[in-house]
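Engineer:
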Amino acid sequence: MSVTIDYNKCNGPECAECVNACPMEVFEIQGDKVVVVREEDCTFCLVCEDVCPTGAVKVKED
Numbered sequence: 001m002s003v004t005i006d007y008n009k010c011n012g013p014e015c016a017e018c019v020n021a022c023p024m025e026v027f028e029i030q031g032d033k034v035v036v037v038r039e040e041d042c043t044f045c046l047v048c049e050d051v052c053p054t055g056a057v058k059v060k061e062d
């Protein structure tokens with residue numbers, strides 16, 4: 001499984017919908033970016049993709 005953020009689309013900490021919505025705390029705000037910190041905890045629920053207003057977050061099964 002891979003969780004990626006397209007930083008050309010991501011609004012970062014001003015948005016942070018993925019950070020707030022993820023039940024597994026896969027994302028964190030670090031400085032001026034949202035980053036994937038616990039990809040191994042992702043359960044493929046796709047909530048992060050659903051709440052991202054710009055489509056910057058993608059979750060893919062390997």
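Heads up: the sequence shown at position 31 corresponds to 31 in the UniProt record's numbering, and the numbers run straight through without jumps.
For every residue, glycine included, the Cβ atom is placed at its ideal position computed from N, Cα and C.
Since the structure is predicted, the reported quantities are computational estimates derived from the model, not experimental observations.
For V35, name the three-state secondary structure that DSSP assigns.
Structural biologist: Taking the sequence shown and counting its residues from 1, the one referred to as residue 35 is at position 35. In the structure shown, V35 sits in a strand (DSSP, three-state: E or B).
Engineer: Does the Cβ of I29 have 16 or more other Cβ atoms within 10 Å, making it buried, or fewer, making it exposed?
Structural biologist: Counting from 1 along the sequence shown, the entry for residue 29 is found at position 29. The residue in question, I29, is exposed, as its Cβ has fewer than 16 Cβ neighbours within 10 Å.
Engineer: Quick one: Cα of C10 to Cα of D32, how far?
Structural biologist: Translated into the one-based positions of the sequence shown, residue 10 becomes position 10. Translated into the one-based positions of the sequence shown, residue 32 becomes position 32. When rounded, the distance between both Cα atoms is 11 Å.
Engineer: Can you give the Cα-Cα distance for S2 and V59, rounded to whole angstroms?
Structural biologist: Your numbering for residue 2 matches position 2 in the sequence shown. Your numbering for residue 59 matches position 59 in the sequence shown. Spanning the two alpha carbons is a distance of roughly 6 Å.
Engineer: For V47, collect the residues of the same chain with a Cβ closer than 6 Å to its Cβ; drop the 5 residues on either side in sequence, then sort them by chain order.
Structural biologist: Here residue 47 is taken as the residue at index 47 of the sequence shown, counted from 1. Correct list, in chain order: A21.
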